[in-house]
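Comments concern the structure below.
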Amino acid sequence: MHFAALAYVGESVAHPDLYYRTNVAGTLVVLEAMRAHNIKKIVASSTCATYGCPDQMPISEAATQIPVNPYGRSKLMAEHMMRDACGAFGLGVIALRYFNAAGADPEGAIGEEHDPETHLIPLLLQSALGLRSGIDIFGEDYETCDGTCVRDYVHVADLASAHVSALTRCEAGVFKVYNLGAGRGASVAEVVAAVRAVTGRVVPIRSAARRPGDPAMLIADPSKATEALGWKPLRSELPTMIEDAWAWMTKYRSSAGFRPFPPAF
Ligand code: UDP
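When you line the sequence shown up against numbering that gives the first Met the number 0, it's residues 0 to 264, in that order.
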């Protein structure tokens, strides 16, 4: 399973070279090493960012892929390389296009901790804990239900179960690709409300400009994964994902003697 990549949209716009080196050249190195060692199957992380801003929602795997930021372009190039290796060398590939990974291990052992943190749900939870003074809302003038961006958040434990199914379904010389999303969208404003409801804490927000490279809306059609992988997301309701992430974060923060983050504003 190939997970190694950089995955921040904003950072990819500022530092595209890092993204092409890590995500494209890095995947090439993985494929060359696999060939040298006669490894015939790969399950690899891809992303909804390869679609760009598709006209149709929800997004099926057949949608046109015209990514709108270097992150998406780098991951699409990685898909192309794996597809070509499939045709040329008989590699069996399953590429999994994740939508917005969220939540934490329900047993509390593993959670999400980036440095710097840029993802919406952990930033909101850190604010709820008082580790940040609040968060910026990047754009309230999108053509969506409430003007904020809509994403399809999917629990990390559900993503993990799809990988387990995929491992036994790689076929030599066949490139398969599946969307992994819950099949429903939540706006940034809805996520803020859900975090406030789950934590019962104050979470200050501030209006800010759009973040370069952000599509307005990304919602998966996960039916292909449901059918072919027998996949069923079990924990991808928004409150459940936030509860799991909050449980991990409160446990981790209280046990790790944590340093506060610098204020977001
Ligand atoms: N977002 C936001 N403020 C933040 C971080 C994220 O408004 O401080 C928005 C972002 O513009 C996007 C959504 O929240 O529409 C999810 O962003 P995230 O970085 O979590 O995931 P991405 O969609 O970039 O993979």
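All residues carry an ideal CB built from backbone N, CA and C; glycine is no exception.
Because the structure is a prediction, the values reported are computed rather than measured.
By the neighbour-count criterion, in which 16 or more other beta carbons inside 10 Å mark a residue as buried, glycine 229 falls on the exposed side. Threonine 26 has its Cβ no nearer than 7 angstroms to any heavy atom of ligand 1. With a 10 Å radius around the Cβ and a threshold of 16 neighbouring Cβ atoms, glutamate 111 comes out buried. Relative to leucine 30, the option among Val12, Ala87, Thr46 whose CA is nearest is Ala87. Taking alanine 161 as the centre and dropping the five residues before and after it, the same chain places the C-beta of Leu95, Tyr177, Leu179, Ala224, Leu228, Trp230 closer than 8 angstroms to its C-beta, in chain order. Between asparagine 68 and alanine 43 the beta-carbon gap is near 19 angstroms, outside 8 angstroms, which marks them as no contact. Three or more Cβ pairs closer than 8 angstroms define a contact, and the stretch 105-121 falls short of that threshold against the stretch 49-67.
Distance between alanine 13 and tyrosine 7, taken at the CA atoms: about 10 angstroms.
Under the Cβ criterion (8 angstroms, minimum of three pairs), the stretch 114-131 does not count as touching the stretch 161-175.
For the 8 angstroms CB-CB criterion, alanine 215 and tyrosine 152 do not form a contact. The count of Cβ pairs closer than 8 angstroms, one atom from the stretch 71-80 and one from the stretch 234-242, stays below three, leaving the stretches out of contact.
Going by DSSP, lysine 223 is part of the alpha helix (DSSP H) stretching over 222-228.
Summarising the contact set, residues whose Cβ lies nearer than 6 angstroms to any heavy atom of ligand 1 are, in chain order, Val8, Asn99, Thr117, His118, Leu119, Leu122, Ile134, Asp135, Ile136, Phe137, Cys148, Arg150, Val187, Arg210, Asp213. The residues Tyr7, Gly9, Glu10, in chain order, have a CB closer than 8 angstroms to that of threonine 117 in the same chain once the five nearest residues on each side in sequence are set aside. Apart from the 5 residues on each side of it in sequence, cysteine 144 sits with its Cβ closer than 8 angstroms to the Cβ of Ser186 in its chain, given in chain order. Taken atom to atom, the span from the alpha-carbon of arginine 183 to that of glycine 146 is near 17 angstroms. For histidine 1, the CB contacts under 8 angstroms within the same chain, skipping 5 residues up- and downstream, are Thr26, Val29, Ile41, Val42, Ala43, Ser44 in chain order. For phenylalanine 2, no alpha helix (DSSP H) run applies, since DSSP gives it neither H nor E. Between serine 73 and aspartate 220, the CB-CB gap reaches or exceeds 8 angstroms. Going by C-alpha positions, alanine 193 is about 36 angstroms away from threonine 167. Lysine 39 is bridged by DSSP to nothing; it lacks a bridge partner. Following the DSSP letters along the chain, one finds isoleucine 120 inside the alpha helix (DSSP H) bounded by residues 119-127. Look at the stretch 144-216 and you find these whole runs of alpha helix (DSSP H), each 4 residues long or longer: 155-166, 187-198. The criterion of a C-beta distance shorter than 8 angstroms is satisfied by arginine 209 and glycine 138. Residue state for leucine 95 is assigned as strand, using DSSP reduced to three classes. For aspartate 135, the enclosing beta strand (DSSP E) covers residues 134-137.
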